[in-house]
Amino acid sequence: MEHWNQLINTALLGTAKKPADSTGMNGPLQQAANTILTGDNTDKEDKFLQLAAVLYNYRLSGTQPVTANLAPTKVCPPETKPYCKPAAVRVLQQVLETDSIQLLQLWLEYCAKANVLLPPAQLPVMLDKGWRNKSLRALIAATGGQRAEWLGHFNPDWNFSRVADTIEDRWQNGATAQRVEALKELRAADPVMARTWLEQSWPKESATVKTELLSVLEQPANPADIPWLESLLTEKSKQVKETATRILKKLPGSSLHEKYWQIIAGAIQLDEYGQVTVALPEITDDSIFQSGIEKLSNDKTITDETHILYQLISLVHPARWEEHFKRNTERVIALFQLQDSLKPFIPALVLAIAWFEDKERALSFMHHSETFYIDIIPMLPPEQQQQFSEKFFDEHPDSIIQYACNNQEEWSLPLCTRIFKYAATQPYTYNQQFMNNHIRQIPVAIAATLDDITPVEAYHTGYWNNIKVHLGRLLQAKSQIQSL
Amino acid sequence: MNLSDEQVLAMAPDESSRKSGKDLANPAKWVSKGVSEIALWGECQGSGSKPYQTQIDTGNMAFKCSCPSRKFPCKHGLGLLLLYSRQRASFPEETPPSWVSEWLAKRAEKEEKKNTTPTATEKQADTTAQAKRQQARMQKVSDGAAELLRWMKDLVRNGIMDMPEKDPSFFENMIRRMVDAQAPGLAAMMRELADISYFHDGWQSVFITQLTRIYLVIQGYQHISDLPPALQQDIRTLAGFSTSQEELKEQTGITDTWQVLGKQTTEEDRLVVERYWLYGVNTKRPALILQFYVRGQSTITNALTPGSAINAELVFYPSAAPLRALIKQQVTIPANHTFNGYAGWQEVVTAQTAISEVLPVYNDQVYTIADLTPVWHAEQWWLQDSRRQLMPVKKTFQHIWKLLALSGGTPLHMAVTGKETQYEPIGVWHEQEYKIL
């Protein structure tokens, strides 16, 4: 190689400045070089090129592999679970072609449920998907096996997959997504132990991990967590503080909730004649506004005081009104509906029912209200959700679609038909990406009636047809996952 | 016929066909479909009123479609094959409809004709005129080579330091001159010189290597009568003289079970070059099948499926180290996963030295090597053999993670292409099966 580098140096300068020479060569190579360089019938350039040809072939003929003393590569431990069937891999290929993360989730859920692993050849693509989509990480970790963990040692982006079987193992040794899942599972069985684990590991966690783990305490919020959550309000990280505040807002009995209620209780009074007066006193406690309550109204027709009260009512548990007015739920609702001073706050009461996921009062509200409030929908039993969604679809199509999308349940066929008929009129909003993101909720049976759904405007036809073709592929892949 | 998605998609002529093929692997797109022992067919509803009739001869892996596409295989052919590989049960087994059976009969008839009719050329060419034309061309190539040599010597005299600043026309003029001189081989070698990435470290060595290769061809051409006959053929091919495929087909070839180890596609000025790397199970020799076509206008009728195997008679182009071959006859057979190959890198470099001895200018070869492990060392990936000797993996290799996932740190038998110190894996033997990467 040294001779070759010397030749390159000559080439860079040019033979006019530096003719080729045989410095450093020995043995037969030097002999050949000397024959070339001492030849009478050739010029300097010919000599250079001939020498280059000899050195090139010398190099080519003498190529040797590198011998290096490398530490032996750590071999991936054998798998204990079987790989998924080839038929499942073929379905996976189709799923990957659709670019739908929800469909991929469904496929991974099948694997996790069947207790089978992803074959090694599929791992790079899947780990890459997991790197880009946090929602897939826990499932990929559950189905990636030892090989996925092993690959994570070579690629830090993929270091989210660890093999861990028990909840404790996943909590102690898992990647963040696995730990979040482990915490969720433990919390469902033993909430006190879950908080203890979290408190113990808290000082060692980074702000991002703290935020992810803390979010687990939100569903559902537990009053027993209040003291610890309040201690987190002094944390350095803004993210962590915001998450803790958000959970505390969902907990009646927390200092923040009680502060909100004290202001409302002082502002809204029921007199001895059954009349309700509303007068907001001056709020001197800045922590109220620091917790996210806006001081000024954006709407000219709504005063700042009403705006503040509206926000506070939407964040206070609806049961407080029953104690405050000394009336049962139905009568509280009636009071809000009848009293002019309270009427503007009915939507805030609805928001409070939704915020605290108060299903019992949601039902009462639906039965005693003539107006339909879509924010109530998620609080109703699943069959009623779909029933009301269909009934009021024409009045609030976009909002109902939004609620239907947030609900993990599969849509009923009539509701899905309503949604698609509307989607056909708005194909730019309800496009292929929309279908990708909600294929979990779309029933496979809709495929049979897709051709009956056509847009009203002729110019939407082409675009809608493309969506339909894509949807057809999604439904086909979904049906194949279901048949695995 | 048992093909994986990867194998079907590897047959696609380009990325857009691959994507469209996937879209068409949807049962809703096919008005009718069916399968028999020797064929697969379907009618695909396109934008026209009549569906396109797509048919595949599964014995020889030949495609035909009534669509106007000039690609081969077209998206319908790929879509149909992909659909079959995914949902075999949805294809009813039946007698082929007339439009399929007629095509199959025509193919069989053609094949028979090829085998029975005398292969000697009927036409008696005007040998004198032909010799005259040949003489004139040789002179033209010789003149062109002399001019190229003068150009190279000017370069060497003045130094190559300022090469990165050169205008593209600096190379283009000489490339055109070589085309005019009827030396397309030299023009292609010059094109490689022009395409060197002059902004990457080490361009100087790559440049001198290529310049030396061109010099060797020129010198070889100018002293062609002094060379052994086989090497004369190599030099003529490298200069750009073509070998008559008809004449080659008249020769007796080598019949064997050939594993299709992989396919590499490159494109230059709309000319697509497909390299199929084959390996003879019994003869234990590699072969390279080259197919050329202008992008979107393929006229090839038989496709090779990477990862599959064919029973075929191959005729090798005359060379000091024969590698390129053409297929005289072929029949697709079930995949053959036998491994034969070198024990390690030392054997590979010894084999290369043997080629170098008889053919000083050669291109990438294919090697099947036992027990290679991908390892990370000195900021790059290497392939380590059972004697712990290493060779670098080409930096442009795209499937290193798939290779690593299949290996899991354990050695795998591997098929690689390359030469000297740059290799690219194209397939591995994993769990007793050959898998393309």
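Protein chains in written order, with my numbering: chain A, 40 to 523; chain B, 29 to 465. Ideal placement from N, C-alpha and C gives every residue a C-beta, glycine not left out.
Residue i at chain A interface by Cβ criterion, 8 Å
| i | result |
| --- | --- |
| Ser77(B) | no |
| Val169(B) | no |
| Gln374(B) | yes |
| Ile236(B) | yes |
| Glu448(B) | yes |
| Val394(B) | no |
| Asp33(B) | yes |
| Met180(B) | yes |
| Ala148(B) | Because Ala148(B) carries a pLDDT of 49, less than 50, the predicted location of this residue cannot be relied on, and no value is offered for it. |
| Arg123(B) | Rather than Arg, the amino acid found at residue 123(B) in this sequence is Thr. It does not: the Cβ of Thr123(B) has no partner Cβ on chain A nearer than 8 Å. |
| Gly455(B) | no |
| Ser233(B) | yes |
Chain-order list of residues whose beta-carbon lies under 8 Å from that of residue i (same chain, five-residue window excluded)
| i | result |
| --- | --- |
| Ser414(B) | Ala371, Gly372, Ala398, Asp399 and Pro439 |
| Ile520(A) | Val130, Val134, Leu142, Leu145, Trp146 and Tyr149 |
Neighbourhood of residue i by C-beta, 6 Å cutoff - its chain only, sequence neighbours within 5 removed
| i | result |
| --- | --- |
| Gln81(B) | Glu71, Ser94 and Trp127 |
| Met217(B) | Ile242 |
| Ala222(B) | Phe199 |
| Leu489(A) | Lys507 |
| Thr147(B) | Any reading at Thr147(B) is ruled out, since the residue's pLDDT is 49, under 50, leaving its predicted position unreliable. |
| Gln412(B) | Thr401, Val403 and Leu418 |
| Val59(B) | Glu71, Gln73 and Pro79 |
CB contact check: residue i to chain E, cutoff 8 Å
| i | result |
| --- | --- |
| Ser48(B) | Given the protein chain composition of this structure (A and B), no chain E is represented. |
Residue i versus the options, residue with shortest Cα-Cα distance
| i | options | result |
| --- | --- | --- |
| Gly281(B) | Thr381(B), Leu351(B), Ala174(B) and Ile464(B) | Leu351(B) |
| Gly248(B) | Lys141(B), Ala406(B), Thr156(B) and Ala267(B) | Ala267(B) |
| Ala463(A) | Gly501(A), Leu452(A), Asp325(A) and Phe411(A) | Gly501(A) |
| Ala50(A) | Trp179(B), Asn186(B) and Arg98(B) | Asn186(B) |
| Thr15(B) | Val421(B), Gly76(B) and Phe235(B) | In this structure chain B extends from 29 to 465, so residue 15(B) is not present and cannot be described. |
| Gln472(A) | Gln217(A), Thr106(A), Asn96(A) and Ile140(A) | Ile140(A) |
| Ser426(B) | Ser435(B), Ala406(B), Ala443(B) and Ile454(B) | Strictly speaking, residue 426(B) in this sequence is Gln, with Ser absent from that position. Comparing Cα-Cα distances from Gln426(B) to each of Ser435(B), Ala406(B), Ala443(B) and Ile454(B), the minimum goes to Ile454(B). |
| Pro125(B) | Gln238(B), Gln357(B), Pro256(B) and Leu68(B) | Leu68(B) |
| Tyr97(A) | Gly183(A), Ala72(A) and Ala387(A) | Ala72(A) |
| Asn476(A) | Ser174(A), Thr77(A), Val114(A) and Pro163(A) | Ser174(A) |
| Trp131(B) | Ile84(B), Leu52(B), Pro334(B) and Glu220(B) | Ile84(B) |
| Thr54(A) | Glu140(B), Ser113(B), Thr237(B) and Asp182(B) | Asp182(B) |
Per-residue contacts from residue i into chain A (C-beta, under 7 Å)
| i | result |
| --- | --- |
| Asn186(B) | Gly53 and Ala55 |
| Ile338(B) | By Cβ distance, chain A contributes nothing, its closest Cβ being about 23 Å from Ile338(B), past 7 Å. |
| Ala433(B) | Pro159, Ala160, Leu162, Pro163, Arg186 and Leu190 |
| Leu289(B) | Those do not exist, as Leu289(B) stays about 17 Å from chain A at its closest Cβ, beyond 7 Å. |
Residues that residue i contacts on chain B, provided the C-beta gap is smaller than 8 Å
| i | result |
| --- | --- |
| Ala92(A) | Thr240, Tyr243, Leu244, Gln247 and Pro388 |
| Val114(A) | Gly436, Gly437 and Thr438 |
| Gln133(A) | Ala53 and Arg114 |
| Arg129(A) | Asp33, Ser113 and Arg114 |
Contacts of residue i in chain B (Cβ-Cβ under 9 Å)
| i | result |
| --- | --- |
| Val155(A) | Neighbours of Val155(A) on chain B: none; closest Cβ ~16 Å, over 9 Å. |
| Thr500(A) | Within chain B, no residue comes near Thr500(A); the closest Cβ sits about 14 Å away, beyond 9 Å. |
| Ile478(A) | Ordered by position in chain B, no residue passes the 9 Å Cβ test against Ile478(A), which lies about 15 Å from the chain. |
Proximal chain B residues relative to residue i, where beta-carbon distance stays under 7 Å
| i | result |
| --- | --- |
| Asn96(A) | Ser384 and Pro388 |
Within-8 Å CB hit, residue i to chain B
| i | result |
| --- | --- |
| Gln515(A) | yes |
| Ala50(A) | yes |
| Arg400(A) | no |
| Trp146(A) | no |
| Val19(A) | Since the first residue of chain A shown is 40 and the last is 523, residue 19(A) is not available in this structure. |
Residues of its chain near residue i, where Cβ-Cβ distance is below 7 Å and the 5 sequence neighbours each way are ignored
| i | result |
| --- | --- |
| Pro262(A) | Leu290 and Gly292 |
| Glu448(B) | none |
Closer than 9 Å at the beta carbon, the chain A residues around residue i
| i | result |
| --- | --- |
| Ala56(B) | Ala486, Val508, Gly511, Arg512 and Gln515 |
| Gln460(B) | Correct list: empty, because the minimum Cβ distance to chain A is about 15 Å. |
Is the segment 202-214 of chain B close to the segment 63-81 of chain A, with three or more CB pairs under 8 Å?
no
Between the segment 485-500 of chain A and the segment 36-46 of chain B, do at least 3 Cβ pairs fall closer than 8 Å?
no
Spell out a yes or no on whether the segment 82-102 of chain A and the segment 187-194 of chain B are touching, meaning 3 or more CB-CB pairs, one atom from each, closer than 8 Å.
no
For the structure I just gave you, are there three or more beta carbon pairs, one from the segment 365-372 of chain A and one from the segment 388-408 of chain A, closer than 8 Å?
yes
On the three-pair Cβ rule with 8 Å, is the segment 84-98 of chain B touching the segment 160-179 of chain B?
no
Do the segment 389-401 of chain A and the segment 409-419 of chain A touch if we need at least three Cβ pairs shorter than 8 Å?
yes
How do the segment 292-308 of chain B and the segment 251-269 of chain B stand: do at least 3 beta-carbon pairs fall below 8 Å, yes or no?
no
Taking one C-beta from the segment 327-336 of chain A and one from the segment 266-277 of chain A each time, how about it: are there three or more such pairs within less than 8 Å?
no
Across the segment 152-159 of chain A and the segment 113-131 of chain A, are there enough close Cβ pairs to call them in contact, namely three or more that are closer than 8 Å?
yes
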